[in-house]
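**Student:**
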Amino acid sequence: MVKIVFKFFAVVSYLLIFRVLLAEPLLDGADFDYGEYLSGQCVTCHQSSSDKGIPAINGAEALYIAKRLVLYKNKELENEVMQLVASALDKEEIASLAIYFNSLEK
Ligand code: HEC
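Remember, our numbering sits 198 above the position in the sequence shown when you count from 1.
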């Protein structure tokens, strides 16, 4: 129950902060539920704590996550797996994943 209430507030504050106040272009079109859905393909590797060279991304800044994904997508960051993963994501998917992972506890 506490988690659901927290989630609700997280969603509301994202809508307010990102859509209205900051309007950060990298996070435009972010959809929390879609991010949660898409995260299924990430969590096989990304666990709640870093492991075997795979960084934990839970609770990271949304903008940080989105920027990293764009860098992998553009092949400006080296890592074959992440380049492949990110190349399949469009802008809205990146934004959605970023706000979703940001909402998770570290
Ligand atoms: C097959 C395993 C695997 C999958 C699946 C995967 N990742 Fe990764 N990810 C990695 C590894 C390994 C790294 C570290 C790469 C490096 O050293 O540059 C990484 C790095 C990252 C980073 C940068 C973190 C940082 O602090 O530098 C982000 C953000 C990220 N992944 C997001 C995602 C998202 C979102 C998904 C799902 C769409 C995903 N990853 C799917 C293995 C994976």
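Backbone N, C-alpha and C fix where the C-beta goes; we use that ideal spot for every residue, glycine too. Quantities reported herein were computed from a predicted structural model and do not represent experimental measurements.
Check this for me: beta carbons of Leu267 and Ala254, under 7 Å apart or not?
**Tutor:** no
**Student:** Quick one: using the 10 Å Cβ neighbour count with 16 as the cut-off for buried, is Phe206 buried or exposed?
**Tutor:** exposed
**Student:** Check each candidate in Ala286, Ala228, Asp249 and name the one with the smallest Cα separation from Ala260.
**Tutor:** Ala228
**Student:** In this structure, what does DSSP give as the bridge partners for Asp249?
**Tutor:** Ile252
**Student:** Is it buried or exposed for Phe204, if we count other Cβ within 10 angstroms and need 16 for buried?
**Tutor:** exposed
**Student:** Shorter than 6 Å, the distance from the beta carbon of Asn272 to the closest heavy atom of the ligand HEC, or not?
**Tutor:** no
**Student:** Cutting at 7 Å between CB atoms, please list the residues of its own chain near Tyr232, excluding the five before and the five after it.
**Tutor:** Ser294
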